[in-house]
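*Asks:* Dropping the structure in here first, questions after.
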Amino acid sequence: MLQKRQVGARRLRWVLLTLLLGAPGAAVAAAYVLVQVPPAQPSAVAQENTYYYSDGTLLAREGHLRRQNVRLSDIPGGVRQAVLAAEDRDFYTRGAIDPRAVLRGAWSTVVGKGRQSGSTITQQYVKNYYLSQDQSLSRKFREMVIAVKLGGVKSKDEILEGYLNTSYFGRGAYGIQAASQAYYGKDASNVSTEEGAYLAALLNAPSISDVANQPKGRGRVLARWNYVLDGMVAQGWLDRSRRAGMHFPEPLARTESARGLSGQRGYLVEAVKKYLYRHGVVDSEQFEAGGYLIWTSIDRQRQRGLQDAVAAEVTSKLQPGRRPEDRLLRVGGASIEPSTGRVVALYGGADYTKQYVSNATREDYSPGSLFKPLVFAAAVQSGARTGDGRPIGADTVYNGDSRLPIRVEGGYYIPENESNASYGPVTVRTAMERSVNTVFTQMAVDTGLDRVRETAIAMGVPQSAPGLLAGPALALGVAQVSVLDMASTYATLARRGEHCPWSIVDKMARSGGEAVALPERPVSSALSAEAADTTSDLLAGVIAKGTGRAAQGISRPAAGKTGTSEENRAAWFAGYTSELSTVVAVMGQDPDTGQLKSLHKALGTEVIHGGDHPARIWAAYMKRALG
Numbered sequence: 239m240l241q242k243r244q245v246g247a248r249r250l251r252w253v254l255l256t257l258l259l260g261a262p263g264a265a266v267a268a269a270y271v272l273v274q275v276p277p278a279q280p281s282a283v284a285q286e287n288t289y290y291y292s293d294g295t296l297l298a299r300e301g302h303l304r305r306q307n308v309r310l311s312d313i314p315g316g317v318r319q320a321v322l323a324a325e326d327r328d329f330y331t332r333g334a335i336d337p338r339a340v341l342r343g344a345w346s347t348v349v350g351k352g353r354q355s356g357s358t359i360t361q362q363y364v365k366n367y368y369l370s371q372d373q374s375l376s377r378k379f380r381e382m383v384i385a386v387k388l389g390g391v392k393s394k395d396e397i398l399e400g401y402l403n404t405s406y407f408g409r410g411a412y413g414i415q416a417a418s419q420a421y422y423g424k425d426a427s428n429v430s431t432e433e434g435a436y437l438a439a440l441l442n443a444p445s446i447s448d449v450a451n452q453p454k455g456r457g458r459v460l461a462r463w464n465y466v467l468d469g470m471v472a473q474g475w476l477d478r479s480r481r482a483g484m485h486f487p488e489p490l491a492r493t494e495s496a497r498g499l500s501g502q503r504g505y506l507v508e509a510v511k512k513y514l515y516r517h518g519v520v521d522s523e524q525f526e527a528g529g530y531l532i533w534t535s536i537d538r539q540r541q542r543g544l545q546d547a548v549a550a551e552v553t554s555k556l557q558p559g560r561r562p563e564d565r566l567l568r569v570g571g572a573s574i575e576p577s578t579g580r581v582v583a584l585y586g587g588a589d590y591t592k593q594y595v596s597n598a599t600r601e602d603y604s605p606g607s608l609f610k611p612l613v614f615a616a617a618v619q620s621g622a623r624t625g626d627g628r629p630i631g632a633d634t635v636y637n638g639d640s641r642l643p644i645r646v647e648g649g650y651y652i653p654e655n656e657s658n659a660s661y662g663p664v665t666v667r668t669a670m671e672r673s674v675n676t677v678f679t680q681m682a683v684d685t686g687l688d689r690v691r692e693t694a695i696a697m698g699v700p701q702s703a704p705g706l707l708a709g710p711a712l713a714l715g716v717a718q719v720s721v722l723d724m725a726s727t728y729a730t731l732a733r734r735g736e737h738c739p740w741s742i743v744d745k746m747a748r749s750g751g752e753a754v755a756l757p758e759r760p761v762s763s764a765l766s767a768e769a770a771d772t773t774s775d776l777l778a779g780v781i782a783k784g785t786g787r788a789a790q791g792i793s794r795p796a797a798g799k800t801g802t803s804e805e806n807r808a809a810w811f812a813g814y815t816s817e818l819s820t821v822v823a824v825m826g827q828d829p830d831t832g833q834l835k836s837l838h839k840a841l842g843t844e845v846i847h848g849g850d851h852p853a854r855i856w857a858a859y860m861k862r863a864l865g
């Protein structure tokens with residue numbers, strides 16, 4: 239077998255030499271017909287998806303290859319000319335191959351003097367896009383034939399654009415856009431001629447031309463950079479006086495900070511993908527192929543503020559070695575602009591690479607008493623009355639005793655207040671401040687569970703939320719919803735009854751610049767302004783003198799509610815101003831089995847309530863976020 243391969247290689251070598259030295263036209267025509275243009279290599283079309291914060295700074299990159307295609311028209315003329323000066327100065331004036339250069343290279347290969355390229359930009363593009371990088375004669379022969387074919391069907395601009403998007407520049411960067419980001423921290427459209435000359439100089443030997451990380455090769459790289467610029471002058475592309483004033487543009491030190499998905503980046507990326515897939519913007523197969531630019535709504539400073547608040551109030555205080563219960567603790571947070579529905583900050587967990595499930599978007603915890611304001615809002619909105627005919631409002635008096643039997647269809651429901659406390663006759667305002675379960679269970683029955691459910695959905699609770707079809711327990715927050723969905727729900731109160739569906743993407747485009755349509759988010763009326771404002775008035779009291787006092791001190795009017803889920807598996811605080819609606823939850827989960835666990839004794843406390851660590855995180859974040 240080996241002998242056959244050697245004979246085949248020798249034959250191919252002589253066929254190539256014969257063709258190059260003047261083979262009959264029939265042989266050339268046969269080769270042209272027999273060699274077909276293959277499909278693109280998967281690696282040549284693979285791109286990464288790039289995510290940005292709302293201010294345009296880089297958030298994360300995700301994909302198998304670091305590449306983002308750009309249009310030739312988006313690359314400055316000086317940068318294009320620098321590449322031509324470095325690689326193929328006669329690109330626009332000659333054919334797809336340079337016969338003399340190919341002849342020199344082939345002869346050197348045949349007589350054993352080593353391999354020489356002699357490749358035009360068209361040939362290099364063919365090698366990058368269609369073929370492998372091996373140095374065999376058969377590959378070289380196919381490269382030339384395909385280059386000739388390609389030159390007949392593609393324009394020079396199309397070929398140059400393809401070449402610039404497929405070439406390797408070092409630092410894991412494929413294409414001029416990724417290279418511009420890797421070496422200068424900017425898009426290719428903003429690269430100067432001097433910087434473009436350095437990027438062009440990299441093409442010759444990228445692995446040893448990175449002066450920031452390979453300082454020993456600096457002299458050779460500077461010589462190549464000068465060669466590129468002098469070539470531009472020689473071609474008439476660069477004014478000599480301008481050339482004389484140019485200085486070498488030092489590239490940035492290499493950094494891979496945005497490549498991984500560690501910390502919060504992974505949670506943010508997953509939230510974006512979940513949003514795009516759920517709304518049918520793009521399917522997973524299309525998106526994973528790469529080539530998308532996504533500008534998120536995440537505010538970089540507010541995101542940092544939320545992370546710092548969690549660290550200060552919870553994660554810095556964990557002592558899993560001394561308190562095994564601390565291993566169970568998780569934190570989720572979400573912050574939304576009520577006026578726009580834009581998600582401006584999201585906290586998914588300690589580190590995406592260590593815990594993949596986002597505590598901000600997961601939907602397996604119950605918000606507990608965070609549902610009570612929804613019950614009250616439904617009652618006011620519908621003009622509901624108590625069982626004995628009194629209108630339900632802030633000053634309506636209910637029996638606040640624990641374990642009060644409440645008549646429901648088919649019998650009685652007997653809720654229990656926290657710590658089994660009884661309050662006797664109590665106003666709704668006081669019941670909200672003290673989070674009295676029995677009062678809001680009675681109110682839900684008086685209002686009608688269907689009305690409560692419909693109001694909750696209109697305000698932002700997902701219609702598919704598990705537990706939403708529960709009986710009177712619905713009033714106590716047994717439905718399972720995400721932190722993000724509750725932030726959206728409370729944003730409806732902040733917006734005085736208007737619900738704006740949340741979004742985490744401001745803008746999206748394909749790498750060629752084509753905009754991607756995002757879902758419309760029509761604003762709907764969930765509550766009357768009166769119902770929303772009356773509810774907000776009660777919730778202001780929760781912070782002023784109720785269970786949410788730890789949320790005080792943000793220097794502007796705020797309203798909020800504490801919540802604790804069944805068996806203390808999660809403690810919540812939801813609060814808002816006119817500018818921001820933010821929800822924080824501390825959750826318990828076994829890191830080994832994934833089972834939801836009680837927060838009992840975590841952080842050294844007997845029980846964690848919503849008015850404890852969640853409210854303190856909320857206050858620390860809101861002070862900073864609202865400035």
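For the sequence shown, the working numbering gives the first residue as 239, with consecutive numbering after it.
A virtual CB, placed ideally from N, CA and C, is assigned to each residue, including glycine.
All values reported here derive from a predicted model rather than from experimental measurement.
Just how far apart, CA to CA, sit Gln306 and Gln524?
*Replies:* 15 Å
*Asks:* Residues in its own chain within less than 6 Å of Met681 by CB, not counting five upstream and five downstream?
*Replies:* Val613 and Ala617
*Asks:* Give the single residue among Asp684, Gly735, Asp723 and Tyr728 whose Cα lies nearest to the Cα of Pro710.
*Replies:* Asp684
*Asks:* Looking at Gly801 and Gly705, is the spacing between their C-beta atoms short of 9 Å?
*Replies:* no
*Asks:* Assuming Ala588 and Ser720 make a contact with CB atoms under 8 Å, what is their CB distance in whole Å?
*Replies:* About 18 Å; that fails the 8 Å criterion.
*Asks:* What's the C-alpha gap between Ala572 and Gly798?
*Replies:* 14 Å
*Asks:* With 16 as the cutoff for other CB atoms within 10 Å, does Gln701 come out buried or exposed?
*Replies:* exposed
*Asks:* Whole angstroms is fine: what's the gap from Gly786's alpha carbon to Ala778's?
*Replies:* If you take the alpha carbons of Gly786 and Ala778, they lie about 9 Å apart.
*Asks:* Who does Ser763 pair with in a DSSP beta bridge?
*Replies:* Glu736
*Asks:* Nearest to Asn637 by CA position, among Thr676, Gly865, Leu834 and Phe486, is which residue?
*Replies:* Thr676
*Asks:* I'd like to check one pair, Ala284 with Leu544: are the Cβ atoms closer than 9 Å?
*Replies:* no
*Asks:* Considering Cα atoms alone, identify which of Ser427, Ala858, Glu432 and Val582 is closest to Ala789.
*Replies:* Ala858
*Asks:* Under 8 Å: do the stretch 502-515 and the stretch 530-537 share three or more Cβ pairs, one atom per stretch?
*Replies:* yes
*Asks:* Rounding to the nearest angstrom, what Cα-Cα distance links Ala324 and Asn451 in this structure?
*Replies:* Taking the straight line joining both Cα atoms gives about 22 Å.
*Asks:* Of all the options Val429, Ala411, Lys392 and Val581, which has the alpha carbon lying nearest to the alpha carbon of Glu817?
*Replies:* Val581
*Asks:* State yes or no: is the C-beta of Gly529 within less than 9 Å of the C-beta of Glu286?
*Replies:* yes
*Asks:* Is the distance from the Cβ of Pro605 to the Cβ of Ala796 below 9 Å?
*Replies:* no
*Asks:* For Ile792, which three-state DSSP category applies?
*Replies:* Coil, per DSSP.
*Asks:* How long is the line joining the alpha carbons of Tyr619 and Pro829, rounded to whole angstroms?
*Replies:* One point to set straight first is that residue 619 is Gln, not Tyr, in the sequence displayed. Using only the alpha carbons, I get a separation of about 43 Å.
*Asks:* Checking 9 Å against the spacing of the C-beta atoms, do Thr727 and Val761 come in under that value?
*Replies:* Result no, Cβ atoms of Thr727 and Val761 do not sit closer than 9 Å.
*Asks:* Tell me the residue span of the beta strand (DSSP E) that contains Leu296.
*Replies:* Leu296 to Glu300
*Asks:* For Gln502, which option in Tyr401, Asn366, Thr831 and Tyr585 has the closest C-alpha, if you only look at C-alpha atoms?
*Replies:* Tyr585
*Asks:* With H, G and I counted as helix, E and B as strand and the rest as coil, what does DSSP make of Phe329?
*Replies:* In this structure, Phe329 counts as coil in the three-state DSSP scheme.
*Asks:* Give me whichever residues DSSP pairs with Pro873 in a beta bridge.
*Replies:* There is no way to answer for residue 873, as the model of the chain reaches only from 239 to 865.
*Asks:* Give a yes or no on contact between the stretch 642-658 and the stretch 762-774, applying the rule of three or more CB pairs nearer than 8 Å.
*Replies:* no
*Asks:* Which residues share a DSSP beta bridge with Met746?
*Replies:* Its beta-bridge partners are Ile532.
*Asks:* Kindly indicate the opening and closing residues of the alpha helix (DSSP H) around Pro611.
*Replies:* For Pro611, the enclosing alpha helix (DSSP H) stretches over residues Lys610 to Ser620.
*Asks:* Taking one C-beta from the stretch 556-569 and one from the stretch 841-855 each time, how about it: are there three or more such pairs within less than 8 Å?
*Replies:* yes
*Asks:* Shortest alpha-carbon distance to Val383 belongs to which of Asp395, Ile855 and Ile335?
*Replies:* Ile335
*Asks:* Taking its Cβ as the centre, do 16 or more other Cβ atoms sit within 10 Å of Leu490, making it buried, or is it exposed?
*Replies:* It counts as exposed.
*Asks:* Per DSSP, Ala678 is paired with what?
*Replies:* In the sequence under discussion, the amino acid at residue 678 is Phe, which differs from the Ala named in the question. Paired residue(s): none; Phe678 is not in a bridge.
*Asks:* Could you check what DSSP says for Val266 in three-state terms: helix, strand or coil?
*Replies:* Unreliable positioning characterises Val266 in this predicted model, as indicated by a pLDDT of 49, which lies under 50. The coordinate reading is nonetheless provided below. Correct three-state label for Val266: helix.
*Asks:* Taking the alpha helix (DSSP H) that Asn464 belongs to, which residues open and close that run?
*Replies:* Run containing Asn464: Arg456 to Ala472, per the alpha helix (DSSP H) assignment.
*Asks:* How is the alpha helix (DSSP H) around Glu313 delimited, first residue to last?
*Replies:* The question names Glu, but residue 313 is Ile in the sequence shown. Ile313 -> no alpha helix (DSSP H), and no H or E assigned at all.
*Asks:* May I ask you to report which of helix, strand or coil DSSP gives Lys196?
*Replies:* Only positions 239 to 865 of the chain appear in the structure, and residue 196 is not among them; the question remains open.
*Asks:* Taking the beta strand (DSSP E) that Ser819 belongs to, which residues open and close that run?
*Replies:* Ser819 to Gly826
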